[in-house]
Structures are given as structure tokens and as C-alpha cells.
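Student: Pasting a structure below so you can have a look.
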Amino acid sequence: MPIFLILLLLSAPPAIADLSIIGHATVPLLDQATLQRIYTGKTVSLNGVRLTPVNLPPNHPLRTQFLRNYLERDENDYTGYWTVRCYVGKGVPPQELHSAADVLQFVVNHAGAIGYVDEGDLTPEVKVLLKK
Amino acid sequence: MTAYIQYQALSLSLLTLVLCASLPVSADVKLSGFGTLGGAISDQDFIYQRFIDDRGTAYRDSVIGAQVDVTHPDGWGFTLQTKAAASSHNDTDWEAVLNWAFLSWRPANDWLLRAGRLRLPLMLHSANSDVGVTFPFVRLPTELYSLLPSVDVNGLSVTKTWLGDTTEWMLEGYIGKTHADWRYYLRDGLEPLFQNGTLFLAYDFKMIGTILSRVSERNTWRVGIHYTTATWDAGPTPIRFPFVPLMPGSSLGYYKINPALPGPPIRYAKDYDVYLFTLGTEIRLPQHWQLTIEYGRRHFPEAVVGADTHAGYLALSKQIGSWTPYCYWAGIRSDNQGLNLAKTMNRNQLPASVPNAALINISQRAGADLINPYEQQSLAFGTAYHLSRTSSFKLEWLHTRTGALSSFVNAPFGEDSGGRQINVFSLSYNHTF
């Protein structure tokens, strides 16, 4: 039995990050549908607060997880969606920042900013807007 | 005119630079670009769709462009898009033009205002027609995507959106004007008015219209109504050509195409009124199948012209991994009145015993070409291979059959554009960055 458990543990997929959706103190709490609309450019303000979502670069593990778990899309779908939207003149995708540290700094310093980080990187300056 | 557009492009580019330089730090500047390198060859020695014949061409589908989007967190934005492609003023040059240069404002989630040089969403893919990676076809069906010589206008657009749980409704209204050339091909010259060959007549277009769209996860529907006045640079436009019988009551005679010919006067109008009705849908079916249907009606209520058309296409595609094979049927047909007039005029030949018969006969054929008739159907089979969401290869076989006459064909001297069968093979590489 112990050998079976050890094998089970060894064969388990690597632990994935625990994502939290974070925002500036001015941003109200979100539900998933609203978050999806924000990251697809359909919602630009909430309760009078102008929103500025930010993303991590394509194929970043956190971004991949965010797209899959919160937006329910894969990278191809998401990039394809914004390629069309951009070339029909209806806006541009969220700004991309290099790292989770950049996201944290941006969210702390910009009213209306929204981003996502690993739960382990959370700091008291940011507000958790949504967590699955 | 080209110089004027280049001057405008330069001015707007300078304005963009000034705007970018004076922007607050919080503004986001995004530079993107797109390009298609496309080759097409047919099995015919005459030209089809402006460039394609059995010698092959890269002019028909190749395009390169760049776009700058400046967005400010307050909801203001500025978009500039330029492209270089085959000229829309002649069939020989390559030229750079400004597609978009507009200011946008998103005061709230459900409102979008844009002012400046805009591209109208006339059909489902009109706004992104230069960006090949955004649709699977090698080229959008020319039968439908040639309703107007240009869909880029200087004007104002307002969009109101209603967001439901699963459905999004959008109502867009616009008003604007533009200057563009309408292309004709004359097998025979109409001296001294026009020489034979390709002819580009410049028009001022004033446009107003509205488009209603419904978008959901499974499908997209769009309906549009548009009104345009087209004013010819050279003066009033002919709307009716009188038939001049050689003897009273006789069917032997000619259509008066040239004002110098004897007979009652040609009827002119200050401009053409053009009504456009567009309808389109994309339906996502199970197993990654997609059905696309679009229809466009171009109606000239005053004039009897071949450009008064019904056009549409039906496409079926399926995504299989990185491949998107597709097939479509497309067709265009002039309204009966215009097509019948063009056909009658085209075959109206006076016997040589009539004085000036040769000259009159040439004028009849030139008149048929000037009426711009369309009757053709196309069947295409092709596939896109997606290297990624931003680059793809495409391959297509297109088979076109013309009916009585088709202005997409440059008919050889002394022959007709009707009754033709054309096979076109195309290959393209499409990329965005």
C-alpha cells in the first residue's frame, strides 16, 4: 500500500499555481462573467471606475492558467479573438507586462488596474477581486 | 488624387507623431502589422479580376500594412492604419494608402464613437479584408466584396452595444464621404470620350447607413442598410440611353451612347443614388464546422445599369487541428433590366450598308461594357494551414463560369466576357505581428 501511494504521488501532475485576480483598491469585486468581458474589451468601466486590465506575455504559465480557468479559452482562441477585434478597429488587447512583480507594481500604482498573480505573491497593497 | 491622399497620409502621420509625443505616460501605444504574399494563376490568356491570367500575378492578393493604436485609460484612442497594395486607380501601380486614421472615444461600456477615416463594416469581413489571417479563404469572394470601390470613408460612426448574458447586440450608424474610382473595361474605345482598355472613373461618394449585429458564442448575424450618392467628377452621369430606330417603328437602330450621335438626348442625372442592403451570418456548427452566408443587394433606383446587382455566397468550412479546409459557392447577377439592356446592346450590330455602321457598332459594344453588367458563378475549394494564430498558408482552386456578360473579365478585342470558364489556382502566406 505505501508503495502504491508513493507511485501515485510520483505520477501526479506538477502542482499548479493558485491564481488570484487582483485589482487596485478602486476596483469592485468581480464575478467570472464580468472578468471575461473585461479581458475581451467588452467592459471598460465598472461603477464609474475606468478599468485597465493587464496580462502576462503569451505562453507564460500563469497566463495560460488564467485563460483556461477564468476566460475559458486557450491561447490561440484568445490571440485570434484580439487579432480580429484589433483589425476591425474595435480596440486593442490588454497591455502585457513581463512578470508577476510588474503586474503587482502596476496594480498598486494605477487606479482601475486589474491583473492576476500566484496566491503566494499577494501583498497587502492589492485587493483580491476574484478567486476560484 | 493620389497626391492628395499621400498629402493626407503625411499630415496624419505627422499628427500621430505629435500626438504620441504629447501623450501622457499612461497612454498605451501598440504597433501591429499585417501582410499577405499571394500568387494566383489561371488557365486563360485574358485577365480576370483585374490581374489574373495564365502568366500568374502577385498583384491580386499581396498586401502589406501597419497599424498604430494609441489608447488612453480615460477611454480615448487614436488608430492609424496604412497599407501598400495594388492601386485602386490603375491596373499597373502599387501604392500606399491610408485606410484608417480615426479618434475613438468609449465613454461607457455600451458606447463607441469614432471620427476620422474609417472602414465601414459593410460585410462580415469588410473591416478586416486586408488581414488574411482573420478569415480562412485565400480571398474574400469578389462577387460580393466588390459592392463599392472603396469602403474607407471620412466620417463619423456611433456604436451602441447591448450586452446580454450570452448575446451581444450592436447597432452602428455612420455618415461619411470618400473619393474613389469605379473600374470599367472597354473592349472598344468610345472616341473621343474614352479609349479602349481599362478605365477608372472617379466619383465622390456620400454615404449614410446603419448595421445591426447579433453576436453569440454560436453564431453571428448582421444586417445593414446603406444609402450612397455617387457623383462623377466629370459631371452628370448618364442614366438612360435612348434607342434610335433607323426608320420609325423599326427594330433596326442603335442605342445612343455618344452624345454626338443623332437621336433624342441621353438622360443624365446629377449623381447616382445607390441603395445597399447587406445580410450575413456565421453559424458555428458541431464538430468545428462553420457555415457562412452573405448576401448583398446594390440597387440604382434611377439608372438602368449592370451594377444594379444581387450577389452572395455560401461557404462551409471545418477546423481540423491546424487545417481549415473550405468550399464556397458565390454568385453575382445584374438586375434583369440592366443585364438585358447590356445583352441587347452588346449584340446590336447594324449591317455594313448603313452609313457609319462600323462606328455605331463599336459604340454599342462600348456601351454594353460601360453599363457594367455581371452574371457569373464561382465554386472554390481551398484550405488554410495555421502555423499559429498569427500566420497561415492558404491554397485554393477557384472555378468561375460567366453567364451572358461579366465585368470581372477583360474580354479580348472582338470577343465577349460571357460564356467563359476560368480556373484560378492561388497560394498565399499571411502574417500579422
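For the protein sequence lines, the chains are P and H, in the order given. This note's numbering numbers the first residue of the first sequence as 1 and each following residue consecutively. This note's numbering numbers the first residue of the second sequence as 1001 and each following residue consecutively. Cβ atoms here follow ideal geometry from the backbone N, Cα and C, with glycine treated the same way. Fair warning: this is a prediction, and the values are worked out from it, not measured in the lab.
#1: In three-state terms, what does DSSP make of His1089/H?
#2: Over the uninterrupted alpha helix (DSSP H) stretch that includes Leu55/P, give me the two end residues.
#3: Whole angstroms are fine: how far does the CA of Trp1182/H sit from the CA of Ser1087/H?
#4: If I measure Cβ to Cβ from Tyr1059/H and keep anything under 7 Å in the same chain, skipping five residues before and after, which residues do I get?
#5: Between the C-alpha atoms of Tyr1326/H and Leu1285/H, what's the straight-line distance to the nearest angstrom?
#6: Gly80/P touches chain H at which residues, Cβ-Cβ below 7 Å?
#7: Are the Cβ atoms of Ser1363/H and Leu1140/H separated by less than 8 Å?
#8: Hey, how far is the Cα of Asn47/P from the Cα of Leu29/P?
#9: Which residues in the same chain have their Cβ closer than 7 Å to the Cβ of Ala1411/H, if we skip the five residues on either side of it in sequence?
#10: Pro61/P lies in the alpha helix (DSSP H); which residues open and close that run?
#11: CB-CB under 6 Å to Ser1428/H, same chain, minus the five flanking residues each way: which ones, in chain order?
#12: Could you tell me whether the stretch 1265–1285 of chain H touches the stretch 1111–1126 of chain H, where touching means 3 or more Cβ pairs closer than 8 Å?
#13: Pull up the DSSP beta-bridge partners for Asp1152/H, would you.
#14: Taking 8 Å as the CB-CB limit, is Val1496/H close to chain P?
#15: Name the chain H residues that come within less than 7 Å of Val84/P, Cβ to Cβ?
#16: Between which two residues does the alpha helix (DSSP H) harbouring Ser1062/H extend?
#17: Have a look at Ala1230/H, Met1247/H, Val1244/H and flag the residue whose alpha-carbon is nearest the alpha-carbon of Asp1271/H.
#18: Per the DSSP calculation, Lys1394/H is bridged to which residue(s)?
#19: Among Trp1329/H, Arg1401/H, Thr1220/H, Leu1031/H, which has the Cα closest to the Cα of Trp1169/H?
#20: Can you tell me whether Val1138/H is helix, strand or coil according to DSSP?
#21: Check Lys1160/H in the structure and name its three-state DSSP category.
#22: Restricting to runs no shorter than 4 residues, where is the alpha helix (DSSP H) found entirely within the stretch 1190–1235 of chain H?
#23: I need the boundaries of the alpha helix (DSSP H) containing Phe1433/H, first residue and last residue.
#24: Taking all protein chains shown into account, decide if Val128/P is buried (16 or more other Cβ within 10 angstroms of its Cβ) or exposed.
#25: State the CB to CB distance for the pair Val1068/H and Leu1031/H, rounded to an integer number of angstroms; the pair is presumed to be in contact (CB under 8 Å).
#26: Show which residues of chain H have a CB atom less than 8 Å away from the CB atom of Lys42/P.
#27: Starting from the Cα of Val1304/H, find the closest Cα among Thr1167/H, Ala1315/H, Arg1267/H, Gly1321/H and give me that residue.
#28: Can you tell me where the alpha helix (DSSP H) with Ala33/P in it begins and where it stops?
#29: Are any of the Cβ atoms in chain P nearer than 8 Å to that of Asp1028/H?
#30: Is the beta carbon of Leu1156/H closer than 8 Å to that of Ala1108/H?
#31: Nearest-angstrom Cα distance between Thr1324/H and Gly1414/H?
#32: Kindly list, in the order they appear in chain H, the residues whose Cβ is closer than 7 Å to that of Arg50/P.
#33: Among Lys1177/H, Ala1180/H, Trp1111/H, Gln1195/H, which has the Cα closest to the Cα of Thr1159/H?
#34: At a cut of 8 Å, does the stretch 50–65 of chain P reach the stretch 108–122 of chain P through at least three beta carbon pairs?
#35: Where does Ala113/P sit, in a helix, a strand or coil, going by DSSP?
#36: With which residues is Lys1083/H paired in a DSSP beta bridge?
Tutor: Reading from the atomic positions:
#1: Residue numbering aside, residue 1089/H sits at position 89 when the second sequence is read from its first letter. It is coil, neither helix nor strand.
#2: As a position in the first sequence, residue 55/P is number 55, starting the count at 1. A small fix is needed here, since residue 55/P is Asn in this sequence, not Leu. Per DSSP, Asn55/P belongs to no alpha helix (DSSP H); it is in the beta strand (DSSP E), 52–55.
#3: As a first step, residue 1087/H is located in the second sequence; it is residue number 87 there, counting from the start. As a first step, residue 1182/H is located in the second sequence; it is residue number 182 there, counting from the start. Answer to the nearest angstrom: the Cα atoms are 12 Å apart.
#4: Position 59 of the second sequence holds residue 1059/H. Here the set comprises Phe1051, Ala1086.
#5: Taking the first residue of the second sequence as position 1, residue 1326/H is located at position 326. Taking the first residue of the second sequence as position 1, residue 1285/H is located at position 285. So the two alpha carbons sit approximately 14 Å from each other.
#6: The sequence position of residue 80/P within the first sequence is 80, counting from 1. The contacting residues are Arg1389.
#7: Within the second sequence, residue 1363/H is the residue found at index 363, counting from 1. Within the second sequence, residue 1140/H is the residue found at index 140, counting from 1. No.
#8: On the first sequence, residue 47/P is found 47 positions in, with the first residue counted as 1. On the first sequence, residue 29/P is found 29 positions in, with the first residue counted as 1. Each residue's alpha carbon lies about 11 Å from the other.
#9: In the second sequence, counting from the first residue as 1, residue 1411/H sits at position 411. Phe1046, Arg1187, Ser1417, listed in sequence order.
#10: Taking the first residue of the first sequence as 1, we reach residue 61/P at position 61. 61–66 is the extent of the alpha helix (DSSP H) around Pro61/P.
#11: Walking along the second sequence from the start, residue 1428/H turns up at place 428. Excluding positions up to five away in sequence, the list reads Thr1036, Gly1038, Asp1061, Val1138, Lys1394.
#12: yes
#13: By one-based count along the second sequence, residue 1152/H stands at place 152. Asp1152/H pairs with Arg1119/H.
#14: The structure shown has nothing for residue 1496/H, since chain H only spans 1001 to 1433.
#15: Counted from its first residue, the first sequence places residue 84/P at position 84. Listed by position along chain H, the residues whose Cβ is nearer than 7 Å to that of Val84/P are Asn1128, Thr1134.
#16: Here the question's residue 1062/H lines up with position 62 in the second sequence. Here Ser1062/H belongs to no alpha helix (DSSP H), and DSSP marks it neither H nor E.
#17: In the second sequence, the residue the question calls residue 1271/H occupies position 271. Minimum Cα distance to Asp1271/H is reached at Ala1230/H.
#18: Along the second sequence, one-based indexing puts residue 1394/H at 394. Lys1394/H pairs with Ala1384/H, Ser1428/H.
#19: Reading the second sequence from its first residue, position 169 is the one you call residue 1169/H. Ranking Trp1329/H, Arg1401/H, Thr1220/H, Leu1031/H by Cα distance to Trp1169/H puts Thr1220/H first.
#20: Start at 1 with the first residue of the second sequence, and residue 1138/H comes out as number 138. Coil, per DSSP.
#21: To locate residue 1160/H, count along the second sequence from 1; it is residue 160. The answer is strand: DSSP assigns Lys1160/H an E or B state.
#22: none
#23: Here residue 1433/H refers to the residue found at position 433 when the second sequence is read from its first residue. No alpha helix (DSSP H) contains Phe1433/H, which DSSP labels as neither H nor E.
#24: By 1-based counting over the first sequence, the position of residue 128/P is 128. Exposed, because fewer than 16 other Cβ atoms sit within 10 Å of the Cβ of Val128/P.
#25: Your numbering for residue 1068/H matches position 68 in the second sequence. Your numbering for residue 1031/H matches position 31 in the second sequence. So it is a contact: roughly 6 Å between Cβ atoms.
#26: Working through the first sequence from its first residue, we reach residue 42/P at position 42. Per Cβ cutoff of 8 Å: Asn1109, Thr1161, Leu1163, Glu1168.
#27: Position 304 of the second sequence, counted from the first residue, corresponds to residue 1304/H. For the options Thr1167/H, Ala1315/H, Arg1267/H, Gly1321/H, the alpha carbon positioned closest to that of Val1304/H is the one of Arg1267/H.
#28: Here the question's residue 33/P lines up with position 33 in the first sequence. Ala33/P -> alpha helix (DSSP H) spans 32–39.
#29: Taking the second sequence and counting its residues from 1, one reaches residue 1028/H at position 28. It does: the Cβ of Asp1028/H has a partner Cβ on chain P nearer than 8 Å.
#30: Here residue 1108/H refers to the residue found at position 108 when the second sequence is read from its first residue. Here residue 1156/H refers to the residue found at position 156 when the second sequence is read from its first residue. No, these two residues do not count as a Cβ contact at 8 Å.
#31: Within the second sequence, the letter at position 324 stands for residue 1324/H. Within the second sequence, the letter at position 414 stands for residue 1414/H. About 42 Å.
#32: As a working note, residue 50/P is residue 50 in the first sequence. By Cβ distance, chain H contributes Pro1073, Asp1074, Gly1075.
#33: Numbered from its first residue, the second sequence carries residue 1159/H at position 159. Ranking the options by Cα distance to Thr1159/H, first place goes to Trp1111/H.
#34: yes
#35: The count along the first sequence starts at 1 and reaches residue 113/P at position 113. It is a strand residue.
#36: One-based indexing of the second sequence puts residue 1083/H at position 83. Answer is Gly1065/H, Val1097/H, bridged to Lys1083/H.
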